[in-house]
Structures are given as structure tokens and as C-alpha cells.
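Just below is one structure, and these are the notes that go with it.
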Amino acid sequence: MEAKLTLVGAGPGDSELITLKGMRALQTADVVLYDELANAAFLEFAPAHALKMYVGKKVGNPSFSQDEINGLIVRLARKRGHVVRLKGGDSFVFGRGHEEIEYAQDHDIACEMVPGISSSIAVPASLGVPVTRRGVSESFWVITGTTQNGDLSDDLRLAAQSKATVIVLMGLNKLEEICALYKHFGRGHLPMAVIQNGTRPDEKSVVGQVWEMPRLVRESGIGTPAIMVMGEVVALSPVYALEYLQNMQMAF
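Under full-length UniProt numbering, think of the first position of the sequence shown as 1, with each following residue one higher.
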């Protein structure tokens, strides 16, 4: 029995948006440790004998610490064999996946990485928003909404002054601050979208402009997990013109 860890990016939430390689890894799992954002339907790919354990972290709920998850990976790999760590999106995009691989390697556990489809690209696409478009956006930034110490990332100040599409993950609780930052730089009328549960059947979204987004999010009841997209490309979404026109009519 080989002690092994395979880190599998589970994609943004749609049960079909997992790679073939990720699915095959699940089919050989002895243990599946899955997080809050990984679709539970993927557990059906794992063998019947496999231990399936939820180790998600969600604000406001009891959860495993990262140290506890690291320890579980090593203990279960040594005891049972192949541990598949199923993480939402891509494990190396704000998923702390590298920390888990590093810890396992330090304890002589063989490791493999299976990339996943990042929500930073797939979720805007689900709303018809391209993160780049010739003549509109030449680049895109993916930024965490909250840093380790709880503050806004300094990168957001730079991003708010650029012409790039900006995608903010894990930042809904900083919505007011982020919108205020954009308005500070005279970009309050920039198109913006906030999308909850992107690519899932219960996806909810709201589009408009930066200056009005805190109000629109409150009125729409948008909650976590959600991503924010700021940039002219948002106006290319087929829902933007319709929803923005409706919002303007309601405002007046």
C-alpha cells in the first residue's frame, strides 16, 4: 500500500466541470477529503469502500483548521493509502493546496496535483462575461478580497486604477470598502457583477455599476460564496443591458 495524496481541483460547482483526470483520481481513492465548495455529487465517482469525509471551512460554522486538515492527510494516507483532497475551483488559486502538498511531502507522502477549472474564469463565463476581450480588456487580475490579517489587499488599490478586468474572490464582506475604493479613483460607473453559487443550479447574480452595487446586493439577497467582477467586459453580458435598464427604471 502506497501512502499518496492527490490534490484534485473540483471546478466552480457544476457537477460536470471536473476534469477527466480528476474523475479518474477519485475512482482510485481510498479516502476523499472534500471541502465546502466541492460538489458532493463528485463523491459518487469514488469506490464504495472509500472513506468520504467533509473537512470544509465556512465562516460562522464549526470547521477544521488548516493544521488539522494537514494532519488528517498524513495520518489517513499512512493508514489507508490513496487520499484524494477534493477542493473547489483550482487548488492553487487561493485554495491553500500548495501548503497541503508541502506538508505531505515533508512527511514522505507521495503527491500529485490535478488542476481544476478556476471559478475566477468559469463563473464570469456562466453569466456571459469574458474576462478578456480584444479592444476592451487586455488582462485580468484575480485578487483575494480579504488578506490573512483581515485587511483589503494592497493589490486592489492598484487594480482599481487599471483597465484590467478585476475578479475578487472571498470578498463579499468587503463589498462596501471595495466599491468605495473604486469610487475614490473616479470609477464609480464601471460595470460590475456579483455572482453567488456560480455555475450551480441555484446561481444568483446581480449586475450594475460600482456605485450602486452594495444596495443591489442587499436588495437581491446575494450571499456567500460569491465573486465580484469589475470591468468594461461586464457590459458585454447579455443580462447587463436588461438588468441595468430595469434597475435604472426602479431607481427613478
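Cβ coordinates follow ideal geometry from the N, Cα and C atoms, glycine included.
For His82, no alpha helix (DSSP H) segment is defined; the enclosing uninterrupted segment is the beta strand (DSSP E) at 82–87. Setting aside the 5 residues that flank it on each side, Thr28 is surrounded in the same chain by His82, each with a C-beta closer than 7 Å to its C-beta; the list follows chain order. At a cut-off of 4 residues, the continuous stretches assigned as alpha helix (DSSP H) that sit fully inside the stretch 100–156 are 119–126. For Ser220, the enclosing alpha helix (DSSP H) starts and ends at 213–220. For Gln27, the enclosing alpha helix (DSSP H) has its first and last residue at 20–27. Separation of Ser237 and Gln105 (C-alpha to C-alpha, rounded to the nearest whole angstrom) is 44 Å. Counting only the Cα atoms, Ile69 lies some 31 Å from Lys204. According to DSSP, residue pairing for Gly9 in a beta bridge involves Lys87. In the DSSP assignment, Lys52 falls within the beta strand (DSSP E) that extends over 51–54. The beta-bridge partner set that DSSP reports for Tyr34 consists of Tyr54, Leu86.
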